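**Student:** Using our numbering, you'd call the opening residue of the sequence shown number 256 and step up by one each time.
We put the CB at the ideal spot given by N, CA and C, even for glycine.
Predicted model, so just to flag it, every value in this text is computed and none were measured.
I have a structure here, written as structure tokens, and I will follow up with some questions on it.
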Amino acid sequence: MVHIPMPGPQGRADLHNHTTASDGTNPPAAQVRWAREQGLAAVAITDHDTIAGWDEALEAGRELGIEIVPGCELSTEVGKTEVHLLAYYFDRTEPEMAALLKRMRGGRRARAAEAVEKLHKLGHTQVSLERVLEIGGESVGRPHLAQVLVECGICRAKDDAFDRFLSIGKPAYVPRPKLTPEEAIEAVRRAGGVPVIAHPGLIRDDKWVRHFIEAGVMGIEAYHTDHSDNQRQFYARWGLDAGLVVTGGTDSHGPRGMRTVVPGSVNVAMDVVAQLKQASTFWQRTQA
Ligand SMILES: [Zn+2]
Ligand SMILES: [Zn+2]
Numbered sequence: 256m257v258h259i260p261m262p263g264p265q266g267r268a269d270l271h272n273h274t275t276a277s278d279g280t281n282p283p284a285a286q287v288r289w290a291r292e293q294g295l296a297a298v299a300i301t302d303h304d305t306i307a308g309w310d311e312a313l314e315a316g317r318e319l320g321i322e323i324v325p326g327c328e329l330s331t332e333v334g335k336t337e338v339h340l341l342a343y344y345f346d347r348t349e350p351e352m353a354a355l356l357k358r359m360r361g362g363r364r365a366r367a368a369e370a371v372e373k374l375h376k377l378g379h380t381q382v383s384l385e386r387v388l389e390i391g392g393e394s395v396g397r398p399h400l401a402q403v404l405v406e407c408g409i410c411r412a413k414d415d416a417f418d419r420f421l422s423i424g425k426p427a428y429v430p431r432p433k434l435t436p437e438e439a440i441e442a443v444r445r446a447g448g449v450p451v452i453a454h455p456g457l458i459r460d461d462k463w464v465r466h467f468i469e470a471g472v473m474g475i476e477a478y479h480t481d482h483s484d485n486q487r488q489f490y491a492r493w494g495l496d497a498g499l500v501v502t503g504g505t506d507s508h509g510p511r512g513m514r515t516v517v518p519g520s521v522n523v524a525m526d527v528v529a530q531l532k533q534a535s536t537f538w539q540r541t542q543a
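In structure tokens form, the structure reads like this:
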């Protein structure tokens, strides 16, 4: 009998990673090195609403001999649900895509400033916007506000900061700039990129997955750290039936975060990277 081993990360790709360009704990080069150490052939850098990590990652990739898949993760809103959209191989200089990223990123800063103002009005004047922006960088968000609330001794832990101040309906919550799935998908496609619905199993309502497919998403992230085996099979089958690229990744946020997910612990064959390139009109155009 022929024994077919479970594929290890060799010759494999992890298509979902965060760095300090957004809410990850590893700078881009360190995350790339960590991925290389796992034996991965390719790693995608997919920070929230930003491409600020690309250049450092690409340089590290060249040095270490690991292919970098350039991407980002956009937060869209549909109904009262937040749905994440991964975008790969798009033209970052395409004006509307660049404007969209700028708007989402700028929105993050304004949102952090407003949250700090609310905390000051609540009497927590020791919370410094400067400190929040210092640790949050380009993609500042609620985890950074939570960290500062812990640093100031106002909250015991980040969870506590969310429960008391930062979650929806809590006194320092500020709604994010709205981005609809249609808007996001259209912008990514217009920039020649490949929009992929992220971790569909975490949305908890498949009607939104259908909605994204109808809106023109080109891939589905069936393999994800937080998906059960059943969910992986279910979304992979759905993706194949719908003619989508079936992708996967860890969603690693680096070490020392809320939890440590090692890059490559969820991975896909390099063939998937080839399919993404095939689907990207920008990639096709620039390789010709
Ligand atoms: Zn996500
Ligand atoms: Zn993510």
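What residue range does the beta strand (DSSP E) around ILE409 cover?
**Tutor:** Where ILE409 is concerned, there is no enclosing beta strand (DSSP E), given that its DSSP letter is neither H nor E.
**Student:** Classify ASN485: buried if its beta carbon has 16 or more other beta carbons within 10 angstroms, exposed otherwise.
**Tutor:** Label assigned to ASN485: exposed.
**Student:** Mind checking whether the beta-carbon of ALA442 lies closer than 6 angstroms to any heavy atom of ligand 1?
**Tutor:** ALA442: no, Cβ never under 6 angstroms from ligand 1.
**Student:** Within a Cβ cutoff of 7 angstroms, which residues of the same chain sit near GLY590, ignoring the five residues on either side of it in sequence?
**Tutor:** Nothing about residue 590 can be read from this structure; the chain reaches only from 256 to 543.
**Student:** Using only the alpha-carbon positions, how far apart do ALA524 and VAL371 sit?
**Tutor:** Computed Cα separation, rounded: 44 angstroms.
**Student:** Would you say PHE345 lies against chain B (beta-carbon separation less than 7 angstroms)?
**Tutor:** Absent here is chain B; the protein component of the structure consists of one chain.
**Student:** Ligand 2: which residues have Cβ under 5 angstroms from any of its heavy atoms, chain order?
**Tutor:** With the cut-off at 5 angstroms, the residues found are GLU328, ASP506.
**Student:** For LEU495, count neighbouring C-beta atoms within 10 Å of its own C-beta (all shown protein chains included) and say buried if the count is 16 or more, exposed if not.
**Tutor:** Label assigned to LEU495: exposed.
**Student:** Starting from ARG465, trace the alpha helix (DSSP H) both ways and give me its first and last residue.
**Tutor:** Per DSSP, ARG465 belongs to the alpha helix (DSSP H) from 461-469.
**Student:** DSSP has LEU341 in a bridge; who is on the other side?
**Tutor:** Per DSSP, GLU328, VAL451.
**Student:** Does any heavy atom of ligand 1 sit closer than 6 angstroms to the C-beta of ALA315?
**Tutor:** Incorrect: ALA315 has no Cβ contact closer than 6 angstroms to ligand 1.
**Student:** Check SER422 in the structure and name its three-state DSSP category.
**Tutor:** The answer is coil: DSSP assigns SER422 none of H, G, I, E or B.
**Student:** Would you grab the beta carbon distance between ARG341 and ALA453 for me? Rounded to a whole angstrom, and I think it's under 8 angstroms.
**Tutor:** At residue 341 the sequence reads Leu, which differs from the Arg that was named. Rounded, the Cβ-Cβ distance is 5 angstroms, consistent with contact.
**Student:** Is the beta carbon of SER520 closer than 7 angstroms to that of THR505?
**Tutor:** In contact: THR505 and SER520 (Cβ atoms closer than 7 angstroms).
**Student:** Considering only their Cβ atoms, is the gap separating GLY448 from SER330 smaller than 7 angstroms?
**Tutor:** No.
**Student:** Should GLU385 be labelled buried (16 or more other beta-carbon atoms within 10 Å of its own) or exposed?
**Tutor:** Flag for GLU385 reads exposed.
**Student:** Let me know the secondary structure DSSP gives ARG267 once reduced to three states.
**Tutor:** Strand.
**Student:** Going along the chain, which residues put their C-beta within less than 5 angstroms of some heavy atom in ligand 1?
**Tutor:** Listed by chain position, these are HIS339, ALA453.
**Student:** Cα-Cα, which of PHE345, PRO518, ARG511, VAL500 is closest to ASP526?
**Tutor:** The shortest Cα separation from ASP526 among PHE345, PRO518, ARG511, VAL500 belongs to VAL500.
**Student:** Cβ atoms of HIS379 and ILE203: under 7 angstroms apart, would you say?
**Tutor:** Absent from the model: residue 203. The displayed extent of the chain is 256 to 543, so no value can be given.
**Student:** Measuring only the C-alpha atoms, how far is ALA439 from PRO518?
**Tutor:** Going by the C-alpha atoms only, they are around 27 angstroms apart.
**Student:** List, from N- to C-terminal side, the alpha helix (DSSP H) runs of 4 residues or more that fit wholly inside the region 345-399.
**Tutor:** Listed in chain order, the complete alpha helix (DSSP H) runs (minimum 4 residues) inside the region 345-399 are 350-376, 384-391.
**Student:** To which residues does DSSP link SER507 through a beta bridge?
**Tutor:** Answer is ASN272.
**Student:** Look at VAL338 and TRP493 and say whether their C-beta atoms are less than 7 angstroms apart.
**Tutor:** Taking 7 angstroms as the Cβ cut-off, VAL338 and TRP493 do not qualify as a contacting pair.
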